[in-house]
Ligand SMILES: *Cc1c(COP(=O)(O)O)cnc(C)c1O
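Residue numbers (the numbering used here): 0 to 370.
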C-alpha cells in the first residue's frame with residue numbers, strides 16, 4: 000500500500016498549479032539584483048496607498064479573529080454593485096470561491112465544462128472533487144477570436160450530467176473575451192439546472208463596448224455566479240481576497256463549504272479601502288492601456304504574432320519552443336510566464352508592467368531572440 004493508493008482518485012492524477020517564479024527565488028538562483036517580474040498579472044503600481052494605510056491600521060488587532068461574515072466589505076460591495084449583501088460570498092482570493100463552487104456543486108457523478116486554453120484552476124478544482132472535466136475546443140479563428148472560448152461548442156457539451164460551466168471573460172492566458180450577445184445566447188441555450196461561473200478577474204481593465212457586465216445579468220439568469228478579485232487591478236494579490244456574486248440561494252450553499260475565517264483581517268480592511276480609491280484604479284487602468292499598446296506595437300514591429308488582449312497581460316508567439324526563451328529571459332533578469340501547460344508551447348504570457356519594465360523586457364527579448 001503506497002501513499003499514492005491512499006489518495007482519492009481525482010487528487011492522484013492532479014498536477015499542481017504552476018505559479019509565476021517569485022523574484023526572491025530568481026535572486027537566490029542567479030544572484031541577480033535587478034529583476035523585472037511580468038509573470039503573474041500583478042499591478043505594476045502596487046497596492047492603493049489607502050489600502051496600505053488601512054492594513055497598517057489593522058496590525059494591532061492581529062490577535063483577534065477576522066470578521067468571519069466580512070460584514071463591512073460586503074456592505075460596501077453590495078452598495079457599489081447594487082446587489083444584496085446576501086448575494087456576496089467572500090473568498091481567500093477568487094480561487095477560493097471557484098473551489099467552493101466545485102465542492103458545493105460537483106461530485107464524481109457530475110461533470111464540468113470549460114474551454115481549451117482556459118484558466119488552470121478550473122481543471123484543478125473539477126478534478127479535486129472527482130468530477131469529470133469536459134474541455135470544449137477553442138475558436139479556430141473563423142467564428143470568433145482564435146484561442147477564445149467557443150460558447151457554441153461549450154453549450155453543445157452541456158448536458159444533464161454537467162452541473163457547472165466555467166467561463167473566463169477575459170480568459171487568462173489568452174486575453175480573449177466574448178460579447179454580451181454571445182453570452183446571453185449561451186445562457187439561454189443552457190439547461191436551467193446548470194450553473195455558470197463567469198470569472199471576471201480582469202473586469203476593471205476591459206474597455207470594450209460589447210463587453211458584458213455579468214452582475215447585470217444575474218436578475219435574468221439565477222444560475223449565474225460572477226467572480227471578481229482584488230488581486231489584479233486593485234493590486235492586492237498578496238493579501239488574497241476575491242468574491243462571488245450570485246443568487247442568495249447559491250451564496251448560501253457556497254457559505255456552507257467556506258472555511259469560517261477564510262478572508263483575513265488585513266485583507267478585509269484593505270479591500271474595503273481599495274474600493275474607495277477610484278483614483279488609483281483609474282491610474283492603473285490607464286497605465287495598462289498604454290502598456291498594452293506599447294507591447295502589441297513592439298510585437299508587430301518584430302513580426303511576432305500575439306493574441307489581442309483586453310486584460311493586463313498579452314500572450315505572444317515567439318516563433319519557437321518558448322521554454323528555452325523563457326529560461327534565457329530569466330538569465331536576463333526578466334520573469335514572464337511559459338504557457339505550454341495551457342496547450343500553447345510557442346507562446347509566452349507577459350504581464351503589462353510600467354513603460355520602463357515593458358522596455359526592459361523588450362530589450363531582453365531582442366537579445367534572446369537575435370540569431
Ligand atoms: C488571476 C486570476 C484569478 C484570480 O485569482 P485570485 O485567487 O483572486 O488571486 C481568477 N481567475 C483568473 C482567470 C485569473 O487569471
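Glycine is no exception: its CB is placed at the ideal position from the N, C-alpha and C atoms.
Self-check item: Host beta strand (DSSP E) of residue 239 (start-end)
Solution: Segment: none, residue 239 is in no beta strand (DSSP E) and carries neither H nor E.
Quiz item: Under 7 Å from any heavy atom of ligand 1, does the C-beta of residue 98 make it?
Solution: no
Quiz item: Using the rule of at least 16 other Cβ atoms within 10 Å of the residue's Cβ for burial, across every protein chain shown, is residue 0 buried or exposed?
Solution: exposed
Practice problem: Mind checking which residues open and close the beta strand (DSSP E) that includes residue 347? | Solution: 346-350
Quiz item: Given a threshold of 16 other Cβ atoms within 10 Å of its Cβ, counted over all protein chains shown, does residue 257 qualify as buried or as exposed?
Solution: buried
Quiz item: According to the Cβ coordinates, are residue 96 and residue 271 closer than 8 Å?
Solution: no
Quiz item: What is the residue span of the alpha helix (DSSP H) that residue 193 lies within?
Solution: Segment: none, residue 193 is in no alpha helix (DSSP H) and carries neither H nor E.
Quiz item: If we call anything under 8 Å between Cβ atoms a contact, is residue 199 one with residue 213?
Solution: yes
Quiz item: According to DSSP, what are the bridge partners of residue 225?
Solution: 197 and 244
Practice problem: Could you check if residue 82 is buried or exposed, using at least 16 other CB atoms within 10 Å of its CB as the buried criterion? | Solution: buried
Quiz item: Would the beta-carbon of residue 130 fall within 8 Å of that of residue 157?
Solution: no
Quiz item: Hey, quick one: how far does the beta strand (DSSP E) through residue 372 stretch, first residue to last?
Solution: As displayed, the chain neither begins before 0 nor continues past 370, which places residue 372 out of reach and without an answer.
Quiz item: At which residues does the beta strand (DSSP E) containing residue 114 begin and terminate?
Solution: 110-114
Quiz item: Based on the DSSP secondary-structure assignment, which residues constitute the bridge partners of residue 36?
Solution: 334
Exercise. Reducing DSSP to helix, strand and coil, say where residue 92 ends up.
Key: coil
Quiz item: Taking Cβ to Cβ, would you say residue 99 is nearer than 8 Å to residue 90?
Solution: yes
Self-check item: Nearest to residue 263 (by Cα), restricted to the options 325, 62, 163 and 360
Solution: 62
Quiz prompt | Integer Cβ distance of residue 115 from residue 136, believed to fall under 8 Å | solution = 5 Å
Self-check item: Residues near residue 325 by beta carbon distance below 7 Å, same chain, minus five either side
Solution: 335, 337 and 347
Quiz item: Looking at the unbroken alpha helix (DSSP H) that takes in residue 302, where does it start and where does it end?
Solution: Looking at the DSSP string, residue 302 is not in any alpha helix (DSSP H), and its letter there is neither H nor E.
Quiz item: So who's on the other strand from residue 134, going by DSSP bridges?
Solution: 113
Quiz item: Counting along the chain, where does the beta strand (DSSP E) carrying residue 167 start and finish?
Solution: 161-167
Quiz prompt | Segment contact flag, the stretch 4-13 with the stretch 305-316, C-beta cutoff 8 Å, min 3 pairs | solution = no
Quiz item: What residues match up with residue 314 in a beta bridge as DSSP calls it?
Solution: 306 and 348
Self-check item: Sheet register partners of residue 87 (DSSP bridge)
Solution: 244
Practice problem: Could you tell me how far apart the beta carbons of residue 103 and residue 255 are, in whole angstroms, since I believe they sit closer than 8 Å? | Solution: 7 Å
Exercise. Report all residues from its chain with a CB closer than 6 Å to the CB of residue 283; omit the five preceding and five following residues, and keep chain order.
Key: 42, 44 and 232
Quiz item: What three-state label does DSSP hand residue 14 in the structure shown?
Solution: coil
Practice problem: Please report the Cβ distance between residue 357 and residue 294, rounded to the nearest whole angstrom; I am assuming they are in contact, meaning their Cβ atoms lie under 8 Å. | Solution: 6 Å
Quiz prompt | Residue nearest to residue 132 in terms of C-alpha spacing, selected from 300, 153 and 64 | solution = 153
Quiz item: Hey, how far is the Cα of residue 229 from the Cα of residue 280?
Solution: 11 Å
Quiz item: Between residue 232 and ligand 1, is the CB less than 7 Å from at least one heavy atom?
Solution: no
Quiz item: Grouping DSSP H, G and I as helix and E and B as strand, with all else coil, what is residue 279?
Solution: helix
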